[in-house]
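*Asks:*
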Amino acid sequence: PFAIFFLWYLATLESFPLTTKCTTGALLTLVGDYFAQWVEFKRSDEQQQQEQMHECNSMLQIIISILSIRGKYDSRRGWATALETFLLSSPLQHYAFDYFESILPVESGSELYRSFAALVHVCLDCILLDGIFVASTILVCGVLEGHSLTNYVLPNLKHNYRAAFRAALLTNVSFAPVEFLSFRFLPLPLRVLSVNTVDLVWDGVVSYTSHGGAMVEKATA
Numbered sequence: 031p032f033a034i035f036f037l038w039y040l041a042t043l044e045s046f047p048l049t050t051k052c053t054t055g056a057l058l059t060l061v062g063d064y065f066a067q068w069v070e071f072k073r074s075d076e077q078q079q080q081e082q083m084h085e086c087n088s089m090l091q092i093i094i095s096i097l098s099i100r101g102k103y104d105s106r107r108g109w110a111t112a113l114e115t116f117l118l119s120s121p122l123q124h125y126a127f128d129y130f131e132s133i134l135p136v137e138s139g140s141e142l143y144r145s146f147a148a149l150v151h152v153c154l155d156c157i158l159l160d161g162i163f164v165a166s167t168i169l170v171c172g173v174l175e176g177h178s179l180t181n182y183v184l185p186n187l188k189h190n191y192r193a194a195f196r197a198a199l200l201t202n203v204s205f206a207p208v209e210f211l212s213f214r215f216l217p218l219p220l221r222v223l224s225v226n227t228v229d230l231v232w233d234g235v236v237s238y239t240s241h242g243g244a245m246v247e248k249a250t251a
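In case it helps, the numbering used here puts the sequence shown at residues 31 to 251.
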């Protein structure tokens with residue numbers, strides 16, 4: 031079944047590259063944001079969660095209790111992050127990767143040159159593109175979530191951008207070898223998918239840090 035799905039995905043990627051990448055990125059962002067909200071929930075009331083764990087009678091109930099955030103999931107926030115990825119981040123990543131390949135191709139030249147080109151692509155993705163993505167996540171998601179642009183979104187950008195970008199950069203450093211191998215050995219159409227899969231953790235980290243501005247809204251209300 032997995033092989034059939036993978037072949038279908040490759041065929042869809044070849045026929046509709048941009049739409050496929052955007053849809054994949056949006057779905058992975060939903061998962062990443064759920065992870066961020068899960069961490070926030072788990073940190074909010076540890077004592078109550080431990081009591082709920084003791085009430086579980088089976089391994090399945092324990093697993094469900096661990097993964098659940100018990101009605102605290104903010105679906106508007108989740109869909110806002112997914113929509114931002116679908117409309118902005120994934121298309122920008124798609125065209126940026128094409129542009130990187132056009133000015134510094136990884137798929138031609140000597141082995142040393144191709145490795146150098148892949149390293150440059152990784153640096154541009156981790157520093158240039160992610161700097162843009164962090165800002166767009168805070169700005170676009172804040173607006174889509176219904177927050178005030180002047181009272182919340184812009185103060186949140188000012189308050190949390192550096193922390194969110196620093197967290198994103200540290201996450202990228204942790205996964206830099208994987209990204210390097212992706213840029214070095216994968217064909218161009220699969221690079222966005224590979225990076226998006228790695229960014230599953232990145233999305234969770236950025237969503238968590240970029241939503242630390244609730245205090246800003248309260249302070250400026």
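Glycine is no exception: its CB is placed at the ideal position from the N, C-alpha and C atoms.
Alpha helix (DSSP H) containing residue 59: first to last residue?
*Replies:* As a first step, residue 59 is located in the sequence shown; it is residue number 29 there, counting from the start. Residues 47-74.
*Asks:* What number of angstroms, rounded off, separates the C-alpha of residue 61 from the C-alpha of residue 234?
*Replies:* Here residue 61 refers to the residue found at position 31 when the sequence shown is read from its first residue. Here residue 234 refers to the residue found at position 204 when the sequence shown is read from its first residue. Spanning the two alpha carbons is a distance of roughly 8 Å.
*Asks:* Distance check for residue 35 and residue 227, CA to CA, integer angstroms please.
*Replies:* Position 197 of the sequence shown, counting from 1, holds the residue named residue 227. Position 5 of the sequence shown, counting from 1, holds the residue named residue 35. Looking at the two C-alpha atoms, the distance is approximately 16 Å.
*Asks:* Just tell me which of 121, 131, 176 and 155 has its CA closest to the CA of residue 109.
*Replies:* Locating residue 109 in the sequence shown gives position 79, where the first residue counts as 1. Closest option to residue 109, Cα to Cα, is 176.
*Asks:* Kindly indicate the opening and closing residues of the alpha helix (DSSP H) around residue 124.
*Replies:* As a first step, residue 124 is located in the sequence shown; it is residue number 94 there, counting from the start. Note, residue 124: alpha helix (DSSP H), 120-133.
*Asks:* Rounded to the nearest angstrom, what separates residue 207 and residue 187 at their Cα positions?
*Replies:* Here the question's residue 207 lines up with position 177 in the sequence shown. Here the question's residue 187 lines up with position 157 in the sequence shown. Roughly 30 Å between the two C-alpha positions.
*Asks:* Give a yes or no on whether the C-beta atoms belonging to residue 170 and residue 236 are separated by under 9 Å.
*Replies:* The residue you call residue 170 lines up with position 140 of the sequence shown. The residue you call residue 236 lines up with position 206 of the sequence shown. Not a contact, by the Cβ cut-off of 9 Å.
*Asks:* With a threshold of 7 Å on Cβ separation, who are the neighbours of residue 45 within its own chain once the five nearest residues in sequence on each side are excluded?
*Replies:* Counted from its first residue, the sequence shown places residue 45 at position 15. None.
*Asks:* List the whole-angstrom C-beta distance separating residue 216 from residue 224, where the pair is believed to meet the contact cut-off of C-beta under 8 Å.
*Replies:* As a first step, residue 216 must be located in the sequence shown, where it is residue number 186. As a first step, residue 224 must be located in the sequence shown, where it is residue number 194. Between residue 224 and residue 216 the Cβ distance is about 6 Å, and since that is below 8 Å, they are a contact.
*Asks:* Where does residue 189 fall in DSSP's three states?
*Replies:* Looking up residue 189 in the sequence shown gives position 159. In this structure, residue 189 counts as helix in the three-state DSSP scheme.
*Asks:* Rank 72, 168 and 152 by C-alpha distance to the C-alpha of residue 199 and give the top, closest one.
*Replies:* As a first step, residue 199 must be located in the sequence shown, where it is residue number 169. Measuring from the Cα of residue 199, the nearest candidate turns out to be 152.
*Asks:* Using C-beta distances below 7 Å, list every residue in its chain close to residue 210, excluding the 5 sequence neighbours before and after it, in chain order.
*Replies:* Along the sequence shown, read from residue 1 onward, the residue named residue 210 stands at position 180. Here the set comprises 148, 149 and 152.
*Asks:* Please classify residue 157 as buried or exposed, where buried requires at least 16 neighbouring CB atoms within 10 angstroms.
*Replies:* The residue labelled residue 157 in the question sits at position 127 within the sequence shown. Exposed, by the Cβ-count rule.
*Asks:* Quick check: the Cα distance between residue 99 and residue 66, rounded to an integer number of angstroms?
*Replies:* Start at 1 with the first residue of the sequence shown, and residue 99 comes out as number 69. Start at 1 with the first residue of the sequence shown, and residue 66 comes out as number 36. When rounded, the distance between both Cα atoms is 11 Å.
*Asks:* Only counting the same chain, and skipping five residues up and downstream in sequence, which positions put a Cβ closer than 7 Å to that of residue 54?
*Replies:* Along the sequence shown, read from residue 1 onward, the residue named residue 54 stands at position 24. The residues are 223 and 226.
*Asks:* Closest to residue 168 by C-alpha separation, out of 143, 146 and 194, would be which residue?
*Replies:* Stepping through the sequence shown from its first residue, residue 168 is reached at position 138. Of 143, 146 and 194, the residue nearest in Cα terms is 194.
*Asks:* Out of 229, 52, 240 and 143, which one is the CA nearest neighbour of residue 121?
*Replies:* As a working note, residue 121 is residue 91 in the sequence shown. Minimum Cα distance to residue 121 is reached at 52.
*Asks:* Tell me whether residue 221 is buried or exposed, calling it buried when 16 or more other Cβ atoms sit within 10 Å of its Cβ.
*Replies:* Indexing the sequence shown from 1 puts residue 221 at position 191. Classification for residue 221: buried.
*Asks:* Excluding the 5 residues flanking residue 111 on each side, which residues of the same chain have their C-beta closer than 8 Å to its C-beta?
*Replies:* For this step, residue 111 is matched to residue 81 along the sequence shown. For residue 111, where only same-chain residues beyond five positions count, the Cβ hits under 8 Å are 59, 60, 62, 63, 167, 171, 233 and 237.
*Asks:* Give me the Cα-Cα distance between residue 134 and residue 49, rounded to the nearest whole angstrom.
*Replies:* Residue 134 sits at position 104 when you count from the first residue of the sequence shown. Residue 49 sits at position 19 when you count from the first residue of the sequence shown. Those two C-alpha atoms are separated by around 25 Å.
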